[in-house]
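Following: one structure in structure tokens, then a few remarks.
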Amino acid sequence: MFWQMVKGAVVRQSRRLLLVALTVALGVSLATAMLNVMFDVGDKVNQELKAYGANIVVTPKNASVLKDVYGLDDTGAHKEYLNESDLGKIKTIFWTNNIVAFAPQLSASINLQNGQTVNLDGTWFDRQMLLPTGEYFSTGEKYLKSWWQVDGDWAADDGSNGVMVGKKLANDLKVNKGDTISYKKPDGQADTLRVSGIVSGGGSEENAILAPLALVQKITGLTDKIDQVEVSAVTTPENELARKAAANPKSLTMKEYEIWYCTSYVSSIAYQIEEVIPDSVAHPVRQIAESEGKILDKTQMLMLLITGLSLLSSVLGVSNLVSANIMERSRELGLLKALGASNLAIVLLILTEIFLAGLAGGICGYFIGLGFAQIIGNTVFNSSIAVNIVVMPIVAGLMSLVILLGSLPAIRMILSLRPAIVLHGR
Amino acid sequence: MSLLELKDVSMAYGGKVFALQDINMTVEKGEWLAIMGPSGSGKTTLMNIIGCMDKATSGTVVLDGIDLTDVDHQQLTTLRRDKIGMVFQQFHLIPYLTAVENIMVAQYYHSLPDKQEALAALDRVGLKDRAGHLPSQLSGGEQQRVCIARALINYPVLILADEPTGNLDEANEKLVMNIFHELHDEGHTILTVTHAPEVGREAQRAVIIEHGRIAGSEAKAE
């Protein structure tokens, strides 16, 4: 009988319940979209922030930090190097899939024929690496420094396409793409470098000649050696645990260590790189990591705010519709009370009707929300948003809450409904 | 012991406006009593009190041995469900349920719905062939007969009818009154509230209310 009554009421009031369903659908669709974007926005924002370049710099453990920190030269000191042949190991760490790109650097100075001394930086430009898994991984400056503007062609890693010259240096030397630069090798012999392109990026590359790493190793005689590696990794914003670990991983408890190690914090990725590159120190670039965290926190806060407001508007909408419904049906509900129905039985009947309408709206809203999420993803991040299954139970819970809160005024009306008044006045 | 006994019953709104004042009356088991009076005389207020839908502000109402002044709203609901069968002037059928389902609703809130029994109740008021019709597909007289069948389904000790023929034409009024006569003959206790003298005269006894007080009573000549 209960379901007959529910069915009859749903069919009879299909229009009003349709409005309830639409209201719930609207709230749920926005909540679904925002929550899916919120859960996926970390990766998306990280990808966007990769444009800022490397967020980890790996250097030899005992290298002098004076040059890095204060710009002082370490001439005369015993200089330490990393091995180029160890770089493949970076793609073997636990968070290997989070390593977006990396590029080694070997810096040297060369004397030009005109007596001027200039910086010569060896690096990878577009390197295809064969990983232990059998997959190929493309990396190098081309992937790491996406903001670089090259007038001409990128240099090739095999040396077949010459070198690139920083824009400022090119102006000083009055060279253009296609020109050659004459220099003296350390043994005194003269040689030339062909300029494939002029590079501009606003950094130290503006005043340097960028050559294939192998060429710089050959000129300096430092076979397989590199000064440092810049790594770009997709990371999770830092929290207290990450900061504690960054200060001293040994201060963590076993459980904290496991959580930290298995979370893609910049500090844990840096730690894992140190584990695979012998005698290395991996420094997180704090400005980038902190920016990621702040932007992500603010973006997520915005998403949560929109979710909350959309649900609040749904509650108000449902509340109005259900209250109007109860007022319209006051005689019918008064009759049920006159026939002996308890308040609980009537509240259950009304909530079931509203819940069924809300469920229908919620299911539609969920799928519409997935569509909204893709629109947001493609419009804002130029990529699709991953469907997070966790959102479904969260949205189901929020939908139930919207229906319950929206029905509260109506429940109050039902409780105060007096059959003597609604059926034939006092 | 009387089935219904009212002693010094008053109903005052805001403590000042009296809808009923010092009502004393009894209804015996198997009796058919009519409460008569003009509009605004307090008949409906009296019916709401007797029908367990409202509580008197003073005095005592005893129904089937239970003092209604001592019970709360929850208990009133239970008493209404178990003891009273109500027939309304405006029928008050649930519009999206069929005739038989409207009767089964009363069974559902009382105990368990039994379609066969509900159909038998409809048969009794001559509407078995209209069991699957919605109220909108029934005439006023038919709707009132469904309402009577619904009032009877849980075997109430008292049938309360508020202007049962108020919305009916003469032919249907006759049909409905015949049913009441049959019910009375079977031993049911009936209390009709009406302002129509011709309906009041059908009862064994009539109590006349004016300005919230009993103005007189008259028994039907046998």
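Residue numbers (our numbering), protein chains in the order written: chain A, 169 to 594; chain B, 1421 to 1642. Ideal Cβ placement from N, Cα and C applies to all residues, glycine included. Treat the numbers as computed from the prediction; the structure is a model and nothing was measured.
Please classify GLU398 of chain A: does DSSP put it in a helix, a strand, or coil? Against the first sequence, residue 398 of chain A aligns to sequence position 230. GLU398 of chain A falls in the strand class under three-state DSSP.
Between the segment 461–478 of chain A and the segment 294–307 of chain A, do three or more beta carbon pairs fall short of 8 Å? These segments do not touch.
Take VAL483 of chain A and list the residues in its own chain whose beta-carbon comes closer than 7 Å to its own, dropping the five residues that flank it on each side. Translated into the one-based positions of the first sequence, residue 483 of chain A becomes position 315. Cβ contact annotation for VAL483 of chain A (same chain, cutoff 7 Å, sequence separation greater than five): VAL570, LEU573, GLY574, in chain order.
Compare the Cα-Cα distances from GLY334 of chain A to each of A:VAL449, A:SER364, A:PRO561, A:PRO354 and report the closest residue. As a working note, residue 334 of chain A is residue 166 in the first sequence. Of A:VAL449, A:SER364, A:PRO561, A:PRO354, the residue nearest in Cα terms is A:SER364.
Would you check if the segment 198–206 of chain A and the segment 491–510 of chain A touch, i.e. whether three or more CB-CB distances between them fall below 8 Å? Between the segment 491–510 of chain A and the segment 198–206 of chain A, the count of C-beta pairs closer than 8 Å stays below three; the two stretches do not touch.
Alpha-carbon to alpha-carbon, SER551 of chain A and GLU500 of chain A: Here residue 500 of chain A is taken as the residue at index 332 of the first sequence, counted from 1. Here residue 551 of chain A is taken as the residue at index 383 of the first sequence, counted from 1. Cα to Cα, the separation comes out at about 53 Å.
Interface partners of LYS505 of chain A on chain B, CB under 8 Å: In the first sequence, the residue the question calls residue 505 of chain A occupies position 337. Contact annotation for LYS505 of chain A against chain B: THR1497 [CB-CB distance below 8 Å, chain order].
Near the ligand NAD: ALA554 of chain A beta-carbon under 7 Å from a heavy atom: Judged by which ligands are present, the structure shown has none, so any question about the ligand NAD falls away.
Between the Cα of GLY485 of chain A and the Cα atoms of A:ALA506, A:VAL558, A:HIS451, A:GLY526, which residue gives the shortest distance? The residue given as residue 485 of chain A occupies position 317 in the first sequence. When each option's Cα is compared against that of GLY485 of chain A, the closest is A:GLY526.
Could you give the residue range of the alpha helix (DSSP H) that holds ILE1568 of chain B? Looking up residue 1568 of chain B in the second sequence gives position 148. Per DSSP, ILE1568 of chain B belongs to the alpha helix (DSSP H) from 1560–1572.
Opposite THR291 of chain A in the DSSP bridges: which residues? As a first step, residue 291 of chain A must be located in the first sequence, where it is residue number 123. Among the bridge pairs identified by DSSP, THR291 of chain A is matched with A:GLN273, A:PRO380.
If you follow the beta strand (DSSP E) that TRP428 of chain A is in, where does it begin and where does it stop? The residue you call residue 428 of chain A lines up with position 260 of the first sequence. That residue, TRP428 of chain A, is in no beta strand (DSSP E); its alpha helix (DSSP H) goes 422–429.
In the segment 183–207 of chain A, which residues sit with their C-beta less than 7 Å from some C-beta in chain B, listed in chain order? Under the 7 Å Cβ criterion, the segment 183–207 of chain A contributes no residue.
To be precise: take each residue of the segment 169–182 of chain A, compare its Cβ to all Cβ atoms of chain B, and keep it if any distance is under 8 Å. Which residues remain? Against chain B - using a Cβ distance shorter than 8 Å - the residues of the segment 169–182 of chain A are MET169, PHE170, GLN172, MET173, GLY176, ALA177, VAL179, ARG180.
Contact check, TYR1529 of chain B vs ALA177 of chain A, beta carbons under 8 Å: Here residue 1529 of chain B is taken as the residue at index 109 of the second sequence, counted from 1. Here residue 177 of chain A is taken as the residue at index 9 of the first sequence, counted from 1. No, the pair does not count as a contact, with Cβ atoms beyond the cut-off.
How do the segment 1600–1612 of chain B and the segment 1576–1585 of chain B stand: do at least 3 beta-carbon pairs fall below 8 Å, yes or no? Because the criterion of three Cβ pairs below 8 Å is met, the segment 1600–1612 of chain B and the segment 1576–1585 of chain B touch.
In chain order, what residues of the same chain lie with their CB nearer than 6 Å to the CB of GLY1552 of chain B, ignoring the 5 residues before and after it? Along the second sequence, read from residue 1 onward, the residue named residue 1552 of chain B stands at position 132. So the list reads THR1518, once near-sequence residues are dropped.
Around the C-beta of TYR1433 of chain B, are 16 or more other C-beta atoms found within 10 angstroms, so that it is buried, or is it exposed? Counted from its first residue, the second sequence places residue 1433 of chain B at position 13. Answer is exposed; the Cβ neighbour count stays below 16.
Taking only beta-carbon positions, decide if ILE1486 of chain B is within less than 8 Å of chain A. As a position in the second sequence, residue 1486 of chain B is number 66, starting the count at 1. It does not; no Cβ of chain A falls within 8 Å.
Could you tell me whether the Cβ of PRO1458 of chain B comes closer than 8 Å to any Cβ of chain A? The residue you call residue 1458 of chain B lines up with position 38 of the second sequence. PRO1458 of chain B does not count as touching chain A.
Residues bridged to GLN317 of chain A by DSSP? As a first step, residue 317 of chain A must be located in the first sequence, where it is residue number 149. As a beta-bridge residue in DSSP terms, GLN317 of chain A pairs with A:SER368.
On the three-state DSSP scale, how would you describe LEU1588 of chain B? Numbered from 1 along the second sequence, position 168 holds the residue referred to as residue 1588 of chain B. The answer is coil: DSSP assigns LEU1588 of chain B none of H, G, I, E or B.
By how many angstroms is the C-alpha of LEU576 of chain A removed from the C-alpha of ALA528 of chain A? Looking up residue 528 of chain A in the first sequence gives position 360. Looking up residue 576 of chain A in the first sequence gives position 408. Their Cα atoms are separated by approximately 20 Å.
Taking a contact to mean a Cβ-Cβ separation below 8 Å, would you say VAL225 of chain A touches ILE441 of chain A in this structure? Residue numbering aside, residue 225 of chain A sits at position 57 when the first sequence is read from its first letter. Residue numbering aside, residue 441 of chain A sits at position 273 when the first sequence is read from its first letter. Judged by their CB atoms, VAL225 of chain A and ILE441 of chain A are not nearer to each other than the 8 Å cut-off.
ASP395 of chain A versus ALA554 of chain A: straight-line alpha-carbon distance, rounded: Here residue 395 of chain A is taken as the residue at index 227 of the first sequence, counted from 1. Here residue 554 of chain A is taken as the residue at index 386 of the first sequence, counted from 1. Between ASP395 of chain A and ALA554 of chain A, the C-alpha separation is close to 39 Å.
Excluding the 5 residues flanking ALA450 of chain A on each side, which residues of the same chain have their C-beta closer than 6 Å to its C-beta? As a first step, residue 450 of chain A must be located in the first sequence, where it is residue number 282. Closer than 6 Å at Cβ, skipping near neighbours: ILE224, VAL226, ALA438, ILE441, GLU442.
Residues of chain A with CB under 8 Å from MET1473 of chain B, in chain order? The residue you call residue 1473 of chain B lines up with position 53 of the second sequence. Those within 8 Å of MET1473 of chain B in chain A are ALA506, ARG586, PRO587, ALA588, LEU591.
Sequence-distant residues of its chain with Cβ nearer than 6 Å to VAL1507 of chain B (five each side left out): Within the second sequence, the letter at position 87 stands for residue 1507 of chain B. Excluding residues within five positions, the ones whose Cβ falls inside 6 Å are CYS1567, ILE1568, ALA1571, ALA1581, PRO1584.
What did DSSP end up calling VAL1447 of chain B once you bin it into helix, strand or coil? Along the second sequence, one-based indexing puts residue 1447 of chain B at 27. It is a strand residue.
Quick one, which residues of the segment 1528–1561 of chain B are near chain C if we go by CB-CB under 8 Å, in chain order? Any reference to chain C falls outside this structure, whose protein chains are A and B.
Who does ASN416 of chain A pair with in a DSSP beta bridge? Reading the first sequence from its first residue, position 248 is the one you call residue 416 of chain A. Answer by DSSP bridge pairing: none, since ASN416 of chain A is not bridged.
Pull up the DSSP beta-bridge partners for TRP171 of chain A, would you. Counting from 1 along the first sequence, the entry for residue 171 of chain A is found at position 3. Partner(s): none; TRP171 of chain A has no beta bridge.
Thinking just about the alpha-carbon of each residue, which of B:VAL1613, B:PRO1458, B:LEU1440 is nearest to the one in ASP1428 of chain B? Within the second sequence, numbered from 1, the residue matching residue 1428 of chain B stands at position 8. Among B:VAL1613, B:PRO1458, B:LEU1440, the Cα nearest to that of ASP1428 of chain B is on B:LEU1440.
Contact set between PHE1508 of chain B and chain A, taken where Cβ atoms lie within less than 9 Å: Sequence index remark: in the second sequence, residue 1508 of chain B carries index 88 (1-based). Within chain A, the residues LEU503, ALA506, LEU591, HIS592 have their CB atoms less than 9 Å from the CB of PHE1508 of chain B, given in chain order.
Among B:LEU1554, B:ASP1492, B:MET1524, B:SER1531, the one whose alpha carbon lies nearest that of ALA1540 of chain B: On the second sequence, position 120 is the one that residue 1540 of chain B refers to. Nearest C-alpha to ALA1540 of chain B among B:LEU1554, B:ASP1492, B:MET1524, B:SER1531: B:MET1524.
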